[in-house]
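J.: So the numbering used here is basically just the index in the sequence shown, starting at one, shifted up by 644.
Cβ atoms here follow ideal geometry from the backbone N, Cα and C, with glycine treated the same way.
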Amino acid sequence: MRGITVNEIIAWFIPRQPADVRETLEASREREERMKLQQALQELGVQTAISEDLEDLRLLLSRVEPALLIADLNHAAAWAGWSLVSDLREQGKRLTVMVLSDGRYGEEAAAAFEAGGNEYMVKPVHTGEFKCRVDNLMRLTGRRRGLSSLLKVDGLVLDPTRRLVQRDGNELKMTPKEFDLLYYLAMHLGEVCPREEILKQVWDYHFHPDTNVVDVYIRHIRLKVDKGHKNKLIHTVRGIGYVLRAPEGAPHADTIL
Numbered sequence: 645m646r647g648i649t650v651n652e653i654i655a656w657f658i659p660r661q662p663a664d665v666r667e668t669l670e671a672s673r674e675r676e677e678r679m680k681l682q683q684a685l686q687e688l689g690v691q692t693a694i695s696e697d698l699e700d701l702r703l704l705l706s707r708v709e710p711a712l713l714i715a716d717l718n719h720a721a722a723w724a725g726w727s728l729v730s731d732l733r734e735q736g737k738r739l740t741v742m743v744l745s746d747g748r749y750g751e752e753a754a755a756a757f758e759a760g761g762n763e764y765m766v767k768p769v770h771t772g773e774f775k776c777r778v779d780n781l782m783r784l785t786g787r788r789r790g791l792s793s794l795l796k797v798d799g800l801v802l803d804p805t806r807r808l809v810q811r812d813g814n815e816l817k818m819t820p821k822e823f824d825l826l827y828y829l830a831m832h833l834g835e836v837c838p839r840e841e842i843l844k845q846v847w848d849y850h851f852h853p854d855t856n857v858v859d860v861y862i863r864h865i866r867l868k869v870d871k872g873h874k875n876k877l878i879h880t881v882r883g884i885g886y887v888l889r890a891p892e893g894a895p896h897a898d899t900i901l
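#1: Find out if the Cβ-Cβ distance for the pair glutamate 775, leucine 744 is shorter than 7 Å.
#2: Quick one: what's got a C-beta closer than 6 Å to tryptophan 726's C-beta in the same chain, skipping five residues either side?
#3: What distance in whole Å lies between the Cβ atoms of threonine 771 and leucine 685, which are believed to be in contact at a cut-off of 8 Å?
#4: For histidine 832, does the count of other Cβ atoms within 10 angstroms reach 16, so buried, or fall short, so exposed?
#5: Reducing DSSP to helix, strand and coil, say where glutamate 709 ends up.
#6: Ends of the alpha helix (DSSP H) at histidine 864?
#7: Apply the 10 Å Cβ neighbour rule to glycine 761 and answer buried if 16 or more other Cβ atoms are within range, or exposed otherwise.
#8: Run the proximity test for tyrosine 828: is its beta-carbon closer than 6 Å to any non-hydrogen atom belonging to the ligand NAD?
#9: Indicate the three-state DSSP secondary structure (helix, strand or coil) for threonine 649 in the structure shown.
#10: From Ile654, Ile842, Leu829, Ala830, pick the residue whose C-alpha is nearest to that of alanine 711; which is it?
#11: Determine, using beta carbons only, whether glutamate 709 and methionine 742 come nearer to each other than 7 Å.
#12: Using the C-alpha atoms, what's the distance from asparagine 780 back to aspartate 731?
#13: Between the alpha carbons of tyrosine 827 and valine 778, how many angstroms are there, rounded?
#14: Using the Cβ count rule (16 or more neighbours within 10 Å means buried), how would you classify isoleucine 884?
#15: Based on Cα-Cα distance, which residue from Thr805, Leu701, Lys876 lies nearest to aspartate 824?
#16: Quick check: the Cα distance between isoleucine 878 and threonine 855, rounded to an integer number of angstroms?
#17: Measure the C-alpha to C-alpha separation of arginine 863 and aspartate 700 and round it to an integer number of angstroms.
#18: Just how far apart, CA to CA, sit methionine 679 and lysine 817?
#19: Among the residues of its own chain, which have a CB less than 6 Å from the CB of threonine 819, if the five just before and after it don't count?
#20: In whole angstroms, what is the alpha-carbon distance linking leucine 843 and lysine 821?
#21: Return helix, strand or coil for lysine 876, following the three-state DSSP convention.
#22: Out of Glu696, Arg811, Leu713, Leu703, which one is the CA nearest neighbour of valine 690?
#23: Sort Leu802, Gln845, Gly834 by Cα distance to valine 869 and report the nearest one.
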């Protein structure tokens with residue numbers, strides 16, 4: 645997994661427990677788990693701003709647009725979290741949201757996504773998986789290069805904000821997963837991306853030797869990106885995976901603000 649290489653801020657909403665709620669073993673374990681997750685974020689090179697009530701969080705969001713909002717909820721506080729995420733979406737904010745929940749009620753995952761969440765995890769959360777998902781969310785939403793930036797490789801232009809792709813000025817129609825895969829390759833321009841790593845980062849799958857989903861999607865993308873062009877950008881590295889490579893003599897990937 646590639647860690648986030650720029651200093652980012654993550655907002656973490658942890659609803660404060662009422663003063664009359666006594667400490668329990670479960671609460672103590674949650675606090676220990678949260679400390680481990682905070683350490684995982686530090687290892688990714690991000691800063692964490694924790695808010696314990698909605699007013700504090702709204703104030704934070706008015707001052708800075710964090711790379712990611714983590715809503716750490718239990719069922720009692722879920723209504724506040726869903727309300728907040730819905731409000732952000734209605735205001736047109738593109739903020740990426742990850743929801744952590746105790747998962748006691750099956751409808752919580754659906755509620756999280758319907759409210760506009762991008763990711764949902766049930767506690768207790770495995771630290772390694774948490775790091776992968778955070779890294780993947782921030783990469784695929786373009787946060788490592790800025791949401792307003794375009795990525796250009798020899799006439800191929802990717803707009804992560806509008807999720808649009810062009811080559812030589814012609815728009816290429818992409819499915820959401822095709823865009824995710826192409827953007828992942830572009831973010832690793834010139835690097836060989838193993839199939840198992842692509843599965844993990846783009847599909848969130850663990851590698852299975854009989855899975856050919858990556859090959860199928862690469863074939864679809866090639867028909868859209870490379871067909872009819874002399875300079876091919878997507879290359880196969882036999883037995884390993886794929887690489888997006890600029891032709892010899894062409895400039896490397898540019899970020900256009």
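T.: With the structure as the only source:
#1: Reading off the sequence shown, one finds lysine at residue 775, where the question assumed glutamate. No, Cβ-Cβ distance for lysine 775 and leucine 744 is not below 7 Å.
#2: Taken in chain order, the residues that qualify are Ala755, Ala759.
#3: So it is not a contact: roughly 10 Å between Cβ atoms.
#4: So histidine 832 ends up on the buried side.
#5: Coil at glutamate 709, not helix or strand.
#6: First-last of the alpha helix (DSSP H) with histidine 864: 857-869.
#7: The residue in question, glycine 761, is buried, as its Cβ has 16 or more Cβ neighbours within 10 Å.
#8: In terms of ligand content, the structure shown is empty, and the ligand NAD therefore cannot be addressed.
#9: Bear in mind that the predicted position of threonine 649 carries a pLDDT of just 32, short of 50, making it unreliable; the figure below should be weighed with that in mind. Three-state result, threonine 649: coil.
#10: Of the listed residues, the one whose Cα sits closest to alanine 711 is Ile654.
#11: If you check the CB distance, glutamate 709 and methionine 742 do not come in under 7 Å.
#12: In a straight line, the C-alpha of aspartate 731 is about 24 Å away from that of asparagine 780.
#13: Taking the straight line joining both Cα atoms gives about 17 Å.
#14: Counting C-beta atoms within 10 angstroms of its own C-beta, isoleucine 884 has fewer than 16 neighbours from the protein chains shown and is therefore classed as exposed.
#15: Selected option, being the one with the closest Cα: Thr805.
#16: Computed Cα separation, rounded: 20 Å.
#17: Roughly 48 Å between the two C-alpha positions.
#18: So the alpha carbons of these two residues sit roughly 43 Å apart.
#19: Closer than 6 Å at Cβ, skipping near neighbours: no residue.
#20: Roughly 11 Å between the two C-alpha positions.
#21: Per DSSP, reduced to three states, the secondary structure at lysine 876 is coil, with no helix or strand assignment.
#22: When only C-alpha atoms are compared, the closest one is Leu713.
#23: Cα-wise, what sits closest to valine 869 is Leu802.
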